[in-house]
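In this text, residue positions in the sequence shown follow full-length UniProt numbering: the first is 1, and each later residue adds one.
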Amino acid sequence: MDLHVNILYDSITNTLKRRPSLNLKLFKSRNNSKEGKVRRHVPVGTGEYTVGCFDVMCDPSHSGSFFRLFYPTTKTDILKRDKQWPLWMPRKQYGQGLADFLGRNPKVFGKVFNWMGGDVYVPALWQGPICPSNNKFPVVIFSHGLGGNRTVNTTICCELASQGFIVAAVEHRDGSASMTYHLKENIDRNSVMEIDEDNSPRRHTIHRTHLYSENWIPYQRIEPLDDFQFRNKQVHHRAEECIKALDVLFALNNGDEVHNSMLGAHFNIKQFVNRLDLSRVSVMGHSFGGSTSLCTLSRDQRFKVGVVLDGWMHPLDEEIYKNVNQPVLMINMDTFQWKENVLQMFKFNKKDVEQKVITIKGTCHQSVTDFQFLVNKALGRILDVRYTLSPKIAIDVCNKAYLGFLWKHLNIPNKDLHREILYDDHDLVIQGTNVDLT
1 MDLHVNILYD
11 SITNTLKRRP
21 SLNLKLFKSR
31 NNSKEGKVRR
41 HVPVGTGEYT
51 VGCFDVMCDP
61 SHSGSFFRLF
71 YPTTKTDILK
81 RDKQWPLWMP
91 RKQYGQGLAD
101 FLGRNPKVFG
111 KVFNWMGGDV
121 YVPALWQGPI
131 CPSNNKFPVV
141 IFSHGLGGNR
151 TVNTTICCEL
161 ASQGFIVAAV
171 EHRDGSASMT
181 YHLKENIDRN
191 SVMEIDEDNS
201 PRRHTIHRTH
211 LYSENWIPYQ
221 RIEPLDDFQF
231 RNKQVHHRAE
241 ECIKALDVLF
251 ALNNGDEVHN
261 SMLGAHFNIK
271 QFVNRLDLSR
281 VSVMGHSFGG
291 STSLCTLSRD
301 QRFKVGVVLD
311 GWMHPLDEEI
321 YKNVNQPVLM
331 INMDTFQWKE
341 NVLQMFKFNK
351 KDVEQKVITI
361 KGTCHQSVTD
371 FQFLVNKALG
381 RILDVRYTLS
391 PKIAIDVCNK
401 AYLGFLWKHL
411 NIPNKDLHRE
421 ILYDDHDLVI
431 QGTNVDLT
(Lines of atoms letter the chains of each structure in order from A; the text may use other names.)
(Lines give C-alpha, C1' and ligand atoms only; values in the text may rest on other atoms or scores of the structure.)
Protein backbone atom coordinates (compact mmCIF):
# COMPACT_ATOMS: atom_id res chain seq x y z
CA MET A 1 0.00 0.00 0.00
CA ASP A 2 1.18 3.59 -0.51
CA LEU A 3 1.12 6.99 1.12
CA HIS A 4 -1.82 8.13 -0.96
CA VAL A 5 -3.89 5.11 -0.05
CA ASN A 6 -6.61 7.12 1.72
CA ILE A 7 -7.81 8.03 -1.76
CA LEU A 8 -8.76 4.38 -2.18
CA TYR A 9 -11.33 4.25 0.57
CA ASP A 10 -12.53 7.80 -0.04
CA SER A 11 -13.36 6.62 -3.54
CA ILE A 12 -15.36 3.65 -2.22
CA THR A 13 -17.22 5.82 0.29
CA ASN A 14 -18.10 8.50 -2.24
CA THR A 15 -19.25 5.90 -4.73
CA LEU A 16 -21.49 4.24 -2.15
CA LYS A 17 -22.97 7.63 -1.24
CA ARG A 18 -23.74 8.39 -4.87
CA ARG A 19 -25.11 4.92 -5.56
CA PRO A 20 -26.65 3.34 -2.43
CA SER A 21 -27.73 0.32 -4.46
CA LEU A 22 -24.22 -0.30 -5.80
CA ASN A 23 -23.99 -3.83 -7.15
CA LEU A 24 -21.42 -5.71 -5.09
CA LYS A 25 -20.52 -7.72 -8.18
CA LEU A 26 -18.28 -4.75 -8.96
CA PHE A 27 -16.03 -5.85 -6.15
CA LYS A 28 -15.46 -9.31 -7.57
CA SER A 29 -17.08 -12.21 -9.30
CA ARG A 30 -17.78 -14.47 -6.36
CA ASN A 31 -17.10 -18.09 -6.98
CA ASN A 32 -20.07 -19.88 -5.47
CA SER A 33 -18.20 -22.85 -6.72
CA LYS A 34 -19.90 -25.76 -8.29
CA GLU A 35 -18.14 -29.07 -7.92
CA GLY A 36 -15.16 -29.23 -10.24
CA LYS A 37 -14.71 -25.48 -10.50
CA VAL A 38 -11.28 -24.14 -9.52
CA ARG A 39 -11.18 -21.89 -6.49
CA ARG A 40 -10.77 -18.17 -7.07
CA HIS A 41 -7.09 -17.30 -6.95
CA VAL A 42 -4.35 -14.82 -7.76
CA PRO A 43 -2.37 -15.59 -10.94
CA VAL A 44 -0.44 -18.85 -11.25
CA GLY A 45 3.31 -18.59 -11.75
CA THR A 46 4.40 -18.96 -15.38
CA GLY A 47 7.70 -20.77 -14.78
CA GLU A 48 8.55 -24.45 -15.06
CA TYR A 49 8.11 -25.22 -11.36
CA THR A 50 4.99 -25.84 -9.30
CA VAL A 51 5.03 -23.65 -6.18
CA GLY A 52 4.84 -24.67 -2.53
CA CYS A 53 4.62 -22.41 0.51
CA PHE A 54 4.38 -22.31 4.29
CA ASP A 55 4.71 -19.75 7.07
CA VAL A 56 7.79 -19.36 9.25
CA MET A 57 7.75 -17.78 12.70
CA CYS A 58 11.09 -18.23 14.44
CA ASP A 59 11.12 -16.97 17.99
CA PRO A 60 7.42 -16.13 18.32
CA SER A 61 8.15 -12.86 20.13
CA HIS A 62 7.72 -9.38 18.70
CA SER A 63 11.44 -9.33 17.88
CA GLY A 64 11.40 -12.69 16.07
CA SER A 65 11.28 -13.43 12.34
CA PHE A 66 7.96 -13.89 10.51
CA PHE A 67 7.66 -14.61 6.80
CA ARG A 68 5.95 -16.75 4.19
CA LEU A 69 8.32 -19.03 2.28
CA PHE A 70 7.61 -19.79 -1.40
CA TYR A 71 9.68 -22.43 -3.19
CA PRO A 72 9.66 -24.95 -6.07
CA THR A 73 7.80 -28.12 -5.14
CA THR A 74 6.99 -31.44 -6.80
CA LYS A 75 5.74 -30.94 -10.35
CA THR A 76 1.96 -31.26 -10.66
CA ASP A 77 -1.06 -29.66 -12.32
CA ILE A 78 -1.60 -26.91 -9.75
CA LEU A 79 -5.14 -26.17 -10.92
CA LYS A 80 -6.17 -29.72 -10.03
CA ARG A 81 -4.78 -29.40 -6.51
CA ASP A 82 -6.75 -26.34 -5.36
CA LYS A 83 -7.94 -28.08 -2.18
CA GLN A 84 -4.33 -27.80 -0.97
CA TRP A 85 -4.10 -24.05 -1.57
CA PRO A 86 -3.89 -21.63 1.38
CA LEU A 87 -6.12 -18.58 1.66
CA TRP A 88 -4.69 -15.31 0.36
CA MET A 89 -6.07 -13.48 3.40
CA PRO A 90 -5.12 -15.92 6.17
CA ARG A 91 -7.29 -14.42 8.94
CA LYS A 92 -10.17 -11.97 9.21
CA GLN A 93 -7.94 -9.67 11.27
CA TYR A 94 -6.03 -8.79 8.09
CA GLY A 95 -9.19 -7.39 6.48
CA GLN A 96 -9.85 -5.41 9.64
CA GLY A 97 -6.27 -4.17 9.55
CA LEU A 98 -6.65 -2.86 6.00
CA ALA A 99 -9.77 -0.95 7.06
CA ASP A 100 -8.00 0.48 10.09
CA PHE A 101 -5.02 1.47 7.93
CA LEU A 102 -7.43 3.49 5.81
CA GLY A 103 -8.83 5.19 8.90
CA ARG A 104 -12.17 3.36 8.76
CA ASN A 105 -14.10 1.35 11.33
CA PRO A 106 -12.42 -2.09 11.28
CA LYS A 107 -15.53 -3.98 12.38
CA VAL A 108 -17.70 -2.44 9.66
CA PHE A 109 -15.35 -1.89 6.75
CA GLY A 110 -13.20 -4.90 7.57
CA LYS A 111 -16.13 -6.97 6.38
CA VAL A 112 -15.88 -5.30 2.96
CA PHE A 113 -12.21 -6.26 2.62
CA ASN A 114 -12.90 -9.77 3.82
CA TRP A 115 -15.76 -9.98 1.33
CA MET A 116 -13.44 -8.83 -1.47
CA GLY A 117 -10.54 -11.14 -0.62
CA GLY A 118 -11.81 -13.70 1.85
CA ASP A 119 -12.37 -16.44 -0.72
CA VAL A 120 -9.22 -15.80 -2.75
CA TYR A 121 -6.57 -18.53 -2.67
CA VAL A 122 -2.84 -18.78 -3.34
CA PRO A 123 -2.09 -21.23 -6.20
CA ALA A 124 0.62 -23.04 -4.24
CA LEU A 125 0.72 -26.36 -2.38
CA TRP A 126 0.55 -25.65 1.34
CA GLN A 127 3.52 -27.30 3.05
CA GLY A 128 4.38 -29.23 -0.09
CA PRO A 129 7.82 -30.89 -0.27
CA ILE A 130 10.68 -29.04 -1.89
CA CYS A 131 11.28 -30.08 -5.49
CA PRO A 132 13.25 -33.36 -5.54
CA SER A 133 16.42 -32.65 -7.50
CA ASN A 134 20.08 -31.88 -7.05
CA ASN A 135 19.52 -28.22 -7.86
CA LYS A 136 20.17 -25.44 -5.40
CA PHE A 137 17.77 -22.52 -5.67
CA PRO A 138 18.75 -18.82 -5.42
CA VAL A 139 17.07 -16.77 -2.70
CA VAL A 140 14.98 -13.58 -2.66
CA ILE A 141 13.91 -11.73 0.47
CA PHE A 142 10.77 -9.66 -0.24
CA SER A 143 9.63 -6.58 1.73
CA HIS A 144 6.05 -5.30 1.55
CA GLY A 145 4.99 -1.65 1.45
CA LEU A 146 3.30 0.59 4.00
CA GLY A 147 0.03 -1.02 5.06
CA GLY A 148 0.90 -4.35 3.45
CA ASN A 149 1.63 -7.79 4.87
CA ARG A 150 3.28 -11.04 3.83
CA THR A 151 0.56 -11.94 1.29
CA VAL A 152 -0.17 -8.73 -0.68
CA ASN A 153 2.60 -9.42 -3.23
CA THR A 154 1.83 -13.12 -3.60
CA THR A 155 1.61 -12.94 -7.41
CA ILE A 156 5.24 -11.83 -7.65
CA CYS A 157 6.41 -14.32 -5.00
CA CYS A 158 4.69 -17.20 -6.81
CA GLU A 159 6.20 -16.10 -10.11
CA LEU A 160 9.70 -16.05 -8.61
CA ALA A 161 9.23 -19.50 -7.05
CA SER A 162 7.89 -20.90 -10.32
CA GLN A 163 11.08 -19.64 -11.97
CA GLY A 164 13.30 -21.50 -9.50
CA PHE A 165 13.78 -19.04 -6.61
CA ILE A 166 13.15 -19.54 -2.92
CA VAL A 167 11.34 -16.44 -1.66
CA ALA A 168 10.84 -15.24 1.91
CA ALA A 169 8.04 -12.63 2.02
CA VAL A 170 8.64 -10.84 5.32
CA GLU A 171 5.77 -9.54 7.43
CA HIS A 172 7.19 -6.49 9.17
CA ARG A 173 6.49 -5.85 12.84
CA ASP A 174 7.70 -2.25 13.00
CA GLY A 175 4.17 -0.84 12.86
CA SER A 176 4.14 -0.47 9.07
CA ALA A 177 2.04 -3.57 8.33
CA SER A 178 -1.72 -3.04 8.23
CA MET A 179 -1.89 -5.94 10.67
CA THR A 180 0.45 -8.60 12.01
CA TYR A 181 0.87 -10.61 15.18
CA HIS A 182 3.27 -12.46 17.42
CA LEU A 183 2.66 -15.21 19.96
CA LYS A 184 2.51 -15.38 23.72
CA GLU A 185 3.25 -18.66 25.40
CA ASN A 186 0.54 -20.10 27.65
CA ILE A 187 2.38 -21.33 30.77
CA ASP A 188 -0.70 -22.59 32.61
CA ARG A 189 -4.41 -21.98 32.72
CA ASN A 190 -4.07 -18.93 34.96
CA SER A 191 -1.16 -17.08 33.38
CA VAL A 192 0.26 -16.13 30.02
CA MET A 193 3.93 -15.35 29.64
CA GLU A 194 4.95 -13.11 26.77
CA ILE A 195 8.13 -14.23 25.04
CA ASP A 196 9.81 -10.98 24.26
CA GLU A 197 12.99 -8.95 24.35
CA ASP A 198 15.96 -9.42 26.69
CA ASN A 199 15.70 -11.46 29.89
CA SER A 200 12.31 -12.92 28.96
CA PRO A 201 11.85 -16.62 29.73
CA ARG A 202 11.84 -18.95 26.76
CA ARG A 203 10.93 -22.60 26.21
CA HIS A 204 12.74 -23.79 23.14
CA THR A 205 11.23 -27.26 23.22
CA ILE A 206 7.63 -26.17 22.61
CA HIS A 207 6.52 -26.29 18.98
CA ARG A 208 2.77 -26.83 19.01
CA THR A 209 0.83 -23.67 18.17
CA HIS A 210 -2.11 -24.40 20.51
CA LEU A 211 0.23 -23.64 23.44
CA TYR A 212 0.34 -20.03 22.29
CA SER A 213 -2.11 -17.16 22.21
CA GLU A 214 -1.93 -14.44 19.57
CA ASN A 215 -1.05 -10.80 20.19
CA TRP A 216 -2.22 -8.74 17.21
CA ILE A 217 -0.27 -5.63 16.20
CA PRO A 218 -2.20 -3.01 14.18
CA TYR A 219 -0.79 -0.35 11.90
CA GLN A 220 0.94 2.46 13.80
CA ARG A 221 -0.45 5.78 12.63
CA ILE A 222 1.83 8.82 12.92
CA GLU A 223 1.58 12.50 12.03
CA PRO A 224 3.05 13.75 9.83
CA LEU A 225 3.04 10.65 7.67
CA ASP A 226 6.49 11.42 6.25
CA ASP A 227 8.27 12.22 9.52
CA PHE A 228 11.87 11.50 8.52
CA GLN A 229 13.26 10.50 11.91
CA PHE A 230 10.46 8.01 12.50
CA ARG A 231 10.52 6.54 8.98
CA ASN A 232 14.31 6.33 8.94
CA LYS A 233 14.24 4.37 12.20
CA GLN A 234 11.56 2.14 10.70
CA VAL A 235 13.49 1.46 7.50
CA HIS A 236 16.49 0.28 9.51
CA HIS A 237 14.21 -1.91 11.65
CA ARG A 238 12.70 -3.37 8.48
CA ALA A 239 16.14 -4.00 6.99
CA GLU A 240 17.11 -5.83 10.17
CA GLU A 241 14.03 -8.04 9.74
CA CYS A 242 15.13 -8.86 6.18
CA ILE A 243 18.58 -9.75 7.47
CA LYS A 244 17.07 -11.93 10.21
CA ALA A 245 14.99 -13.75 7.60
CA LEU A 246 18.15 -14.50 5.65
CA ASP A 247 19.82 -15.72 8.85
CA VAL A 248 16.95 -18.18 9.29
CA LEU A 249 17.41 -19.43 5.73
CA PHE A 250 21.14 -19.90 6.34
CA ALA A 251 20.28 -21.99 9.42
CA LEU A 252 17.71 -23.94 7.41
CA ASN A 253 20.25 -24.67 4.69
CA ASN A 254 22.92 -25.68 7.19
CA GLY A 255 20.63 -28.13 8.98
CA ASP A 256 20.71 -26.12 12.20
CA GLU A 257 17.72 -26.41 14.49
CA VAL A 258 15.02 -23.95 13.42
CA HIS A 259 12.07 -23.62 15.78
CA ASN A 260 9.07 -22.73 13.65
CA SER A 261 5.91 -22.12 15.67
CA MET A 262 3.78 -22.34 12.50
CA LEU A 263 4.65 -25.90 11.42
CA GLY A 264 3.34 -29.19 12.72
CA ALA A 265 5.58 -32.12 13.57
CA HIS A 266 4.65 -33.89 10.32
CA PHE A 267 6.60 -31.44 8.13
CA ASN A 268 10.23 -32.40 7.56
CA ILE A 269 12.11 -29.11 7.65
CA LYS A 270 15.40 -30.96 7.08
CA GLN A 271 14.50 -31.42 3.41
CA PHE A 272 15.75 -27.85 2.85
CA VAL A 273 19.32 -28.70 3.93
CA ASN A 274 21.79 -27.77 1.16
CA ARG A 275 18.96 -26.79 -1.20
CA LEU A 276 19.46 -23.00 -1.09
CA ASP A 277 22.07 -21.26 -3.24
CA LEU A 278 23.21 -18.72 -0.68
CA SER A 279 25.84 -17.28 -3.00
CA ARG A 280 22.91 -15.87 -5.03
CA VAL A 281 20.79 -13.82 -2.64
CA SER A 282 18.69 -10.81 -3.66
CA VAL A 283 16.39 -8.40 -1.87
CA MET A 284 13.27 -6.92 -3.39
CA GLY A 285 10.44 -4.70 -2.20
CA HIS A 286 7.51 -2.46 -3.07
CA SER A 287 7.20 1.21 -2.06
CA PHE A 288 8.43 1.36 1.58
CA GLY A 289 9.72 -2.13 0.87
CA GLY A 290 11.78 -0.65 -1.94
CA SER A 291 13.62 1.69 0.41
CA THR A 292 13.89 -1.23 2.83
CA SER A 293 15.62 -3.23 0.11
CA LEU A 294 18.16 -0.46 -0.44
CA CYS A 295 18.80 -0.15 3.28
CA THR A 296 19.29 -3.92 3.47
CA LEU A 297 21.81 -3.84 0.61
CA SER A 298 23.76 -1.12 2.42
CA ARG A 299 23.96 -3.14 5.63
CA ASP A 300 24.64 -6.71 4.50
CA GLN A 301 26.90 -7.71 1.63
CA ARG A 302 25.40 -11.20 1.47
CA PHE A 303 22.68 -9.56 -0.64
CA LYS A 304 24.08 -9.41 -4.18
CA VAL A 305 21.27 -7.69 -6.13
CA GLY A 306 18.38 -5.36 -5.33
CA VAL A 307 15.04 -4.69 -7.04
CA VAL A 308 12.93 -1.68 -6.07
CA LEU A 309 9.28 -1.65 -7.19
CA ASP A 310 7.90 1.90 -7.31
CA GLY A 311 10.07 2.82 -4.36
CA TRP A 312 9.44 5.45 -1.69
CA MET A 313 12.83 7.02 -1.07
CA HIS A 314 12.07 9.48 1.73
CA PRO A 315 13.16 7.21 4.65
CA LEU A 316 16.74 6.81 3.35
CA ASP A 317 19.71 8.54 4.98
CA GLU A 318 22.96 9.53 3.29
CA GLU A 319 24.89 6.53 4.60
CA ILE A 320 22.56 4.23 2.70
CA TYR A 321 23.25 6.05 -0.57
CA LYS A 322 26.99 5.75 0.02
CA ASN A 323 27.01 2.07 0.94
CA VAL A 324 24.90 0.47 -1.79
CA ASN A 325 27.45 -0.98 -4.20
CA GLN A 326 25.37 -3.84 -5.61
CA PRO A 327 23.41 -3.84 -8.89
CA VAL A 328 19.96 -2.28 -8.44
CA LEU A 329 16.95 -2.16 -10.75
CA MET A 330 14.24 0.37 -9.95
CA ILE A 331 10.96 -0.36 -11.73
CA ASN A 332 8.63 2.62 -11.50
CA MET A 333 4.94 2.78 -12.32
CA ASP A 334 3.38 5.42 -14.55
CA THR A 335 1.35 7.49 -12.08
CA PHE A 336 2.94 7.39 -8.62
CA GLN A 337 6.32 9.09 -8.82
CA TRP A 338 7.22 12.75 -8.29
CA LYS A 339 10.29 14.90 -8.90
CA GLU A 340 11.92 14.81 -5.45
CA ASN A 341 11.49 11.07 -5.13
CA VAL A 342 12.92 10.28 -8.57
CA LEU A 343 15.88 12.60 -8.03
CA GLN A 344 16.73 10.55 -4.96
CA MET A 345 16.62 7.40 -7.08
CA PHE A 346 19.19 8.82 -9.47
CA LYS A 347 21.58 9.32 -6.56
CA PHE A 348 22.20 5.58 -6.90
CA ASN A 349 24.50 5.93 -9.90
CA LYS A 350 27.71 4.04 -9.16
CA LYS A 351 29.80 3.98 -12.35
CA ASP A 352 31.24 0.50 -11.86
CA VAL A 353 27.92 -1.28 -11.20
CA GLU A 354 24.55 -1.28 -12.95
CA GLN A 355 22.01 0.81 -11.06
CA LYS A 356 19.17 1.82 -13.34
CA VAL A 357 15.57 3.07 -13.52
CA ILE A 358 12.80 2.06 -15.91
CA THR A 359 9.11 3.03 -15.97
CA ILE A 360 6.19 0.87 -17.12
CA LYS A 361 3.52 2.81 -18.99
CA GLY A 362 -0.17 2.51 -18.13
CA THR A 363 0.43 1.38 -14.55
CA CYS A 364 -0.34 2.67 -11.05
CA HIS A 365 1.26 2.09 -7.66
CA GLN A 366 -0.78 -1.05 -7.00
CA SER A 367 0.14 -2.64 -10.33
CA VAL A 368 2.72 -4.78 -8.53
CA THR A 369 0.35 -5.95 -5.78
CA ASP A 370 -2.45 -8.51 -5.78
CA PHE A 371 -5.20 -5.93 -5.23
CA GLN A 372 -5.51 -5.33 -8.98
CA PHE A 373 -6.66 -8.95 -9.41
CA LEU A 374 -9.42 -8.76 -6.77
CA VAL A 375 -11.73 -6.35 -8.60
CA ASN A 376 -12.96 -5.79 -12.12
CA LYS A 377 -11.85 -2.98 -14.43
CA ALA A 378 -14.52 -0.46 -13.41
CA LEU A 379 -13.95 -0.68 -9.68
CA GLY A 380 -10.22 -1.07 -10.17
CA ARG A 381 -10.08 2.42 -11.67
CA ILE A 382 -12.28 3.86 -8.93
CA LEU A 383 -10.08 2.35 -6.23
CA ASP A 384 -6.84 3.30 -7.97
CA VAL A 385 -5.57 -0.28 -8.00
CA ARG A 386 -5.65 -0.42 -11.81
CA TYR A 387 -4.71 2.08 -14.47
CA THR A 388 -5.00 1.81 -18.26
CA LEU A 389 -2.85 -1.29 -18.74
CA SER A 390 -4.40 -4.72 -18.15
CA PRO A 391 -3.20 -6.19 -14.82
CA LYS A 392 -2.02 -9.36 -16.57
CA ILE A 393 0.08 -7.36 -19.03
CA ALA A 394 1.35 -5.00 -16.31
CA ILE A 395 2.54 -7.82 -14.06
CA ASP A 396 4.00 -9.71 -17.04
CA VAL A 397 6.19 -6.76 -18.09
CA CYS A 398 7.26 -6.19 -14.50
CA ASN A 399 8.04 -9.88 -13.98
CA LYS A 400 10.18 -10.05 -17.11
CA ALA A 401 12.09 -6.91 -16.13
CA TYR A 402 13.15 -8.05 -12.66
CA LEU A 403 13.74 -11.67 -13.75
CA GLY A 404 16.04 -10.57 -16.57
CA PHE A 405 17.97 -8.34 -14.17
CA LEU A 406 18.27 -11.03 -11.49
CA TRP A 407 19.33 -13.71 -13.96
CA LYS A 408 21.94 -11.39 -15.45
CA HIS A 409 23.55 -10.24 -12.21
CA LEU A 410 23.30 -13.57 -10.40
CA ASN A 411 24.96 -15.23 -13.40
CA ILE A 412 22.21 -17.79 -13.87
CA PRO A 413 22.83 -19.40 -17.27
CA ASN A 414 20.47 -20.26 -20.12
CA LYS A 415 17.86 -17.65 -19.26
CA ASP A 416 16.10 -14.98 -21.30
CA LEU A 417 17.46 -11.66 -20.01
CA HIS A 418 14.53 -9.74 -21.56
CA ARG A 419 16.79 -7.10 -23.03
CA GLU A 420 13.89 -5.69 -25.04
CA ILE A 421 12.38 -4.50 -21.74
CA LEU A 422 15.53 -3.63 -19.81
CA TYR A 423 17.53 -1.92 -22.53
CA ASP A 424 15.74 -1.60 -25.88
CA ASP A 425 12.79 0.32 -27.30
CA HIS A 426 9.77 -1.49 -25.82
CA ASP A 427 6.29 -0.08 -26.43
CA LEU A 428 5.35 -0.21 -22.75
CA VAL A 429 8.65 0.77 -21.14
CA ILE A 430 10.47 4.07 -20.65
CA GLN A 431 14.22 3.85 -20.08
CA GLY A 432 14.46 6.18 -17.10
CA THR A 433 11.51 8.21 -15.89
CA ASN A 434 8.42 9.95 -17.20
CA VAL A 435 8.72 12.60 -14.48
CA ASP A 436 9.93 16.09 -15.46
CA LEU A 437 13.10 16.61 -13.40
CA THR A 438 13.80 20.19 -14.50
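We put the CB at the ideal spot given by N, CA and C, even for glycine.
Residue i, DSSP secondary structure in three states
i: Gln431; result: strand
i: Lys347; result: coil
i: Tyr387; result: coil
i: Ala251; result: helix
i: His236; result: helix
i: residue 439; result: Since the displayed the chain opens at 1 and closes at 438, residue 439 lies outside it and no answer follows.
i: Glu257; result: coil
i: His41; result: strand
i: Trp115; result: helix
i: Ile320; result: helix
i: Asn134; result: coil
i: Thr363; result: coil
i: His426; result: coil
i: Asp436; result: coil
The beta strand (DSSP E) enclosing residue i, as first and last residue numbers
i: Trp407; result: Where Trp407 is concerned, there is no enclosing beta strand (DSSP E), although the alpha helix (DSSP H) it sits in stretches over 391-409.
i: His286; result: 276-286
i: Asp226; result: Unbroken run through Asp226: none, as it is neither H nor E.
i: Arg68; result: 65-73
i: Ile421; result: No beta strand (DSSP E) holds Ile421; the alpha helix (DSSP H) holding it covers 419-422.
Where the alpha helix (DSSP H) containing residue i begins and where it ends
i: Ser162; result: 154-162
i: residue 446; result: With the chain running from 1 to 438 in the structure shown, residue 446 is simply not present.
i: Ile141; result: No alpha helix (DSSP H) holds Ile141; the beta strand (DSSP E) holding it covers 137-143.
i: Ile269; result: Looking at the DSSP string, Ile269 is not in any alpha helix (DSSP H), and its letter there is neither H nor E.
i: Ile382; result: 377-382
i: Leu329; result: Note, Leu329: premise wrong, no alpha helix (DSSP H); beta strand (DSSP E) at 328-333.
i: Leu263; result: First-last for Leu263: undefined, no H or E at that position.
i: Phe101; result: 92-101
Residues sharing a beta bridge with residue i, DSSP
i: Thr180; result: Ile217
i: Leu87; result: Tyr121
i: Val51; result: Pro72
i: Val307; result: Met284, Leu329
i: Trp126; result: Cys53
i: Cys58; result: Ser65, Asn260
6 Å CB neighbourhood of residue i in its chain, flanking five on each side removed
i: Thr438; result: none
i: Tyr321; result: Lys347
i: Asp2; result: Low per-residue confidence applies at Asp2: pLDDT is 44, beneath 50, and the placement is therefore not dependable, though the value from the model is reported in the following sentence. Within the same chain, Asp2 has close Cβ partners Ser287, His365.
i: Gln96; result: Pro106, Gly110
i: Ile430; result: Thr359
i: Pro86; result: Val122, Trp126
i: Gln344; result: Met313
i: Gly432; result: Val357
i: Met262; result: Asp55, Met57
i: Phe336; result: Asp310, His365
i: Lys361; result: Asp334, Leu428
i: Gly175; result: Gln220
Close Cβ partners of residue i (< 7 Å) along its chain, the five nearest in sequence each way excluded
i: Gln271; result: Pro129, Ile130
i: Ala239; result: Thr292, Cys295, Thr296, Arg299
i: Leu249; result: Val139, Ala168, Leu276
i: Gln372; result: Gln366, Gly380, Val385, Arg386, Pro391
i: Ala161; result: Gly45, Tyr49, Val51, Phe70, Tyr71, Pro72, Val167
i: Gly255; result: Lys270, Val273
Cβ-based neighbour list, residue i, same chain, cut-off 8 Å, excluding 5 preceding and 5 following
i: His418; result: Lys400, Ala401, Leu403, Gly404
i: Gln84; result: Leu125, Trp126, Gly128
i: Glu171; result: Phe66, Phe67, Arg68, His144, Asn149, Arg150, Ala177, Thr180
i: Gly306; result: Ser282, Val283, Met284, Ser293, Leu294, Thr296, Leu297, Val324, Gln326, Pro327, Val328, Leu329
i: Asp100; result: Pro106, Gly110, Ser178, Met179, Pro218, Tyr219
i: Asp424; result: none
i: Ile269; result: Leu252, Val258, Asn260, Leu263
i: Trp88; result: His41, Val42, Gly117, Val120, Tyr121, Val122, Thr151, Thr154, Asp370
i: Asp317; result: Asn232
i: Asp436; result: Lys339
Contact test: residue i Cβ vs the ligand MN heavy atom, cutoff 7 Å
i: Ser291; result: Summarising the ligand content, the structure contains no ligands, and the ligand MN is consequently not present.
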